[in-house]
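A.B. asks: Residue numbers (the working numbering), protein chains in the order written: chain F, 1 to 168; chain A, 169 to 444.
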């Protein structure tokens, strides 16, 4: 029972994906979907789940949805506009460089969310991670500062604060 | 230098010649209109018979004509294909017989935590898509082999991303994978010979065919036609399921063996010098 509870988030995710992929909701799809989801959930739980109590927290889930909306409609748009401005300006005002960004979130998923968010916004790419020191190495299109705290504020703070709420 | 240029010219001429030879008949309409306007008789026969509840003499009860052909109309052909495939896997495993099932000496850490977390979530998705393909093989394109191949991707990326240590730590050990694969292959064989079991045990009035799926003119044996509330395709559903499981485990076994660290897999290569 406890193993089933641990695997519950994966089971729900698998079941929804199964129905979506099958493209029908006959009883056959639902029955096989439940069976397959439970098997996959129990097999994959040790690899996928870091902390099952957190993964069942609905507040975190709402934060995640809120973050996805804010991220794609505000942060993405802002940095796209910024890079478009750089690209269209005749003088190519770039100062590329690799900076060290300390990250405050601790869990693996939070770190993943932060680095994927940084990479997906144009102008910044995570190129390496130091798991021991919780530091990301980011290739930045216009390096304004190299001081870790200021870099953190410029590059990662928005993402990191949200990632802490969602995963930490 | 001079020789290479002459060779180049000869090759270029030959390639142009070959393409022209192939292109001219096509342009002149040797392949008739592409795509063809009317279906060939064989296609019409399959389309009329595969899922025809009103005339069940030759039907398969599977709406997916390709699955019906592969696992019913020419099922024996597929059986031998399966045999060839698993013989190849068995041969590959036999090359490494010395170290099969051993724990690897190398203690890898795998890729960074970012890659690991992202991969872990996508592995769930890949498995779901694989199993959905297997279980809908009689309804939609795809089937046992295709779904199994999709799901087997999981084991490849798991070993690359989490390092080979994940196999030694997980409960899916070499022996268990082997057990699942063998059980699935036995399943395929059983489903094929179940129709002739009464005949084998002396009931010589019961005439049936090996690889029989739905009811035929000479006997009343039939695999179920409906599972829960969708067409089942009788034996096709079982073949898809077993083939899928067998493919997942067989591919995983092959990958596990290939990814042994060099020190361990060298043992098998050096075997020849020790003399056996």
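Virtual Cβ for every residue (Gly too), placed ideally from N, Cα, C. Since this is a predicted model, take the numbers as computed values, not measurements.
Who are the neighbours of residue 17(F) on chain A, taking C-beta pairs under 7 Å?
C.D. replies: Position 17 of the first chain, counted from the first residue, corresponds to residue 17(F). Ordered by position in chain A, the residues that pass the 7 Å Cβ test against residue 17(F) are 293 and 296.
A.B. asks: Straight-line CA distance for residue 315(A) to residue 19(F)?
C.D. replies: One-based indexing of the second chain puts residue 315(A) at position 147. One-based indexing of the first chain puts residue 19(F) at position 19. If you take the alpha carbons of residue 315(A) and residue 19(F), they lie about 16 Å apart.
A.B. asks: Of all Cβ atoms in chain A, is any one closer than 7 Å to the Cβ of residue 115(F)?
C.D. replies: The residue you call residue 115(F) lines up with position 115 of the first chain. Closer than 7 Å: yes.
A.B. asks: Measuring alpha carbon to alpha carbon, tell me which of 326(A), 299(A) and 307(A) ends up nearest residue 39(F).
C.D. replies: Position 39 of the first chain, counted from the start, is the residue given in the question as residue 39(F). The residue with the shortest Cα to Cα distance from residue 39(F) is 299(A).
A.B. asks: By the 10 Å Cβ neighbour count, where 16 or more other Cβ atoms means buried, how is residue 160(F) classified, buried or exposed?
C.D. replies: Your numbering for residue 160(F) matches position 160 in the first chain. Flag for residue 160(F) reads buried.
A.B. asks: Which residues in chain F have a C-beta closer than 9 Å to the C-beta of residue 398(A)? List them in chain order.
C.D. replies: Indexing the second chain from 1 puts residue 398(A) at position 230. Neighbours of residue 398(A) on chain F, chain order: 24, 26, 27, 28 and 29.
A.B. asks: Looking at C-beta atoms only, is the number of pairs between the stretch 41 to 48 of chain F and the stretch 88 to 104 of chain F that lie closer than 8 Å three or more?
C.D. replies: Touching, no, given that fewer than three Cβ pairs across the two stretches are closer than 8 Å.
A.B. asks: Is there a Cβ of chain F sitting closer than 7 Å to that of residue 286(A), yes or no?
C.D. replies: Counting from one through the second chain, the residue named residue 286(A) turns up at place 118. Closer than 7 Å: yes.
A.B. asks: Taking DSSP's pairing of strands, which residues face residue 139(F) in a bridge?
C.D. replies: Residue 139(F) sits at position 139 when you count from the first residue of the first chain. Its beta-bridge partners are 98(F) and 125(F).
A.B. asks: Ordered along the chain, which non-local residues of its own chain (more than five positions away) have a Cβ less than 8 Å from that of residue 421(A)?
C.D. replies: For the purposes of this step, residue 421(A) is identified with residue 253 of the second chain, where counting begins at 1. Hits under 8 Å: 257, 261, 342, 345, 346 and 349.
A.B. asks: Helix, strand or coil, according to DSSP, for residue 130(F) in the structure here?
C.D. replies: For the purposes of this step, residue 130(F) is taken as the residue at position 130 of the first chain. Three-state result, residue 130(F): strand.
A.B. asks: What does DSSP give as the partner residue(s) for residue 399(A) in the beta ladder?
C.D. replies: Start at 1 with the first residue of the second chain, and residue 399(A) comes out as number 231. DSSP output for residue 399(A) lists 394(A) as bridge partner(s).
A.B. asks: Can you tell me which of 362(A), 219(A) and 207(A) puts its alpha carbon nearest to the alpha carbon of residue 399(A)?
C.D. replies: Taking the first residue of the second chain as 1, we reach residue 399(A) at position 231. Selected option, being the one with the closest Cα: 219(A).
A.B. asks: In the DSSP assignment, find the unbroken alpha helix (DSSP H) run with residue 79(F) in it and report its ends.
C.D. replies: Within the first chain, residue 79(F) is the residue found at index 79, counting from 1. Unbroken alpha helix (DSSP H) run through residue 79(F): 76 to 88.
A.B. asks: Counting Cβ pairs, one atom from each stretch, are 3 or more of them under 8 Å apart for the stretch 377 to 384 of chain A and the stretch 211 to 218 of chain A?
C.D. replies: These segments do not touch.
A.B. asks: For the putative contact between residue 148(F) and residue 102(F), defined by C-beta atoms under 8 Å, what is the C-beta separation to the nearest angstrom?
C.D. replies: As a position in the first chain, residue 148(F) is number 148, starting the count at 1. As a position in the first chain, residue 102(F) is number 102, starting the count at 1. Confirmed, Cβ separation roughly 5 Å.
A.B. asks: If you reduce the DSSP assignment to three classes, tell me which class residue 343(A) lands in.
C.D. replies: Translated into positions along the second chain, residue 343(A) becomes position 175. If DSSP states are grouped into helix, strand and coil, residue 343(A) belongs with the helices.
A.B. asks: Listed in chain order, which residues of the stretch 265 to 284 of chain A have Cβ atoms closer than 9 Å to some Cβ of chain F?
C.D. replies: Per Cβ criterion, the list reads 280, 281, 282, 283 and 284.
A.B. asks: Residue 230(A) and residue 401(A) - do their beta-carbons sit closer together than 7 Å?
C.D. replies: Taking the first residue of the second chain as 1, we reach residue 401(A) at position 233. Taking the first residue of the second chain as 1, we reach residue 230(A) at position 62. Yes. Within cutoff.
A.B. asks: What residue from 226(A), 210(A) and 203(A) has the CA that sits closest to residue 382(A)'s CA?
C.D. replies: To locate residue 382(A), count along the second chain from 1; it is residue 214. Answer by Cα proximity: 226(A).
A.B. asks: Counting only beta-carbon separations shorter than 7 Å, does residue 105(F) have a partner in chain A?
C.D. replies: As a first step, residue 105(F) must be located in the first chain, where it is residue number 105. Answer no: the Cβ-Cβ gap between residue 105(F) and chain A never drops below 7 Å.
A.B. asks: Quick one: which chain A residues come within Cβ less than 7 Å of residue 14(F)?
C.D. replies: Walking along the first chain from the start, residue 14(F) turns up at place 14. Residues of chain A passing the Cβ test: 292 and 296.
A.B. asks: Would you call residue 408(A) buried or exposed, if buried means 16 or more other Cβ atoms sit within 10 Å of its Cβ?
C.D. replies: What you label residue 408(A) is simply residue 240 of the second chain in a count that begins at 1. With 16 or more other Cβ atoms within 10 Å, it is buried.
A.B. asks: Taking the C-alpha atoms as reference points, what is the distance between residue 366(A) and residue 374(A)?
C.D. replies: Counting from one through the second chain, the residue named residue 366(A) turns up at place 198. Counting from one through the second chain, the residue named residue 374(A) turns up at place 206. Going by the C-alpha atoms only, they are around 7 Å apart.
A.B. asks: Against chain A, does residue 36(F) count as a neighbour if the rule is that its beta carbon must be under 7 Å from one of theirs?
C.D. replies: Along the first chain, read from residue 1 onward, the residue named residue 36(F) stands at position 36. For residue 36(F), the answer is yes, since a Cβ of chain A falls inside 7 Å of its Cβ.
A.B. asks: In three-state DSSP terms, what is residue 162(F)?
C.D. replies: Here residue 162(F) refers to the residue found at position 162 when the first chain is read from its first residue. Three-state result, residue 162(F): helix.
A.B. asks: Using only alpha-carbon positions, find the residue among 127(F), 5(F), 163(F) and 60(F) that is nearest to residue 111(F).
C.D. replies: Counted from its first residue, the first chain places residue 111(F) at position 111. Nearest C-alpha to residue 111(F): 163(F).
A.B. asks: If I'm right that residue 331(A) touches residue 276(A) with Cβ under 8 Å, what's the distance once you round it to whole angstroms?
C.D. replies: Numbered from 1 along the second chain, position 163 holds the residue referred to as residue 331(A). Numbered from 1 along the second chain, position 108 holds the residue referred to as residue 276(A). Indeed they touch by this definition, with Cβ atoms about 3 Å apart.
A.B. asks: Return the first residue and the last residue of the alpha helix (DSSP H) that residue 62(F) is part of.
C.D. replies: As a working mapping, residue 62(F) is identified with position 62 in the first chain. Note, residue 62(F): alpha helix (DSSP H), 58 to 70.
A.B. asks: With distances taken from CA atoms, which of 436(A), 205(A), 430(A) and 438(A) is nearest residue 272(A)?
C.D. replies: Here residue 272(A) refers to the residue found at position 104 of the second chain. Closest by alpha carbon: 430(A).
A.B. asks: Between which two residues does the alpha helix (DSSP H) holding residue 54(F) run?
C.D. replies: Counting from 1 along the first chain, the entry for residue 54(F) is found at position 54. Residues 52 to 55.
A.B. asks: For residue 271(A), list the residues DSSP reports as bridge partners.
C.D. replies: As a first step, residue 271(A) must be located in the second chain, where it is residue number 103. Paired residues: none, contrary to the question.
A.B. asks: Return no unless some Cβ of chain F is closer than 7 Å to the Cβ of residue 444(A).
C.D. replies: Against the second chain, residue 444(A) aligns to sequence position 276. Residue placement at residue 444(A) cannot be trusted, given a pLDDT of 47 that sits under 50; what the coordinates show is reported in the next sentence. No, residue 444(A) lies away from the interface with chain F (no Cβ there is under 7 Å from its Cβ).
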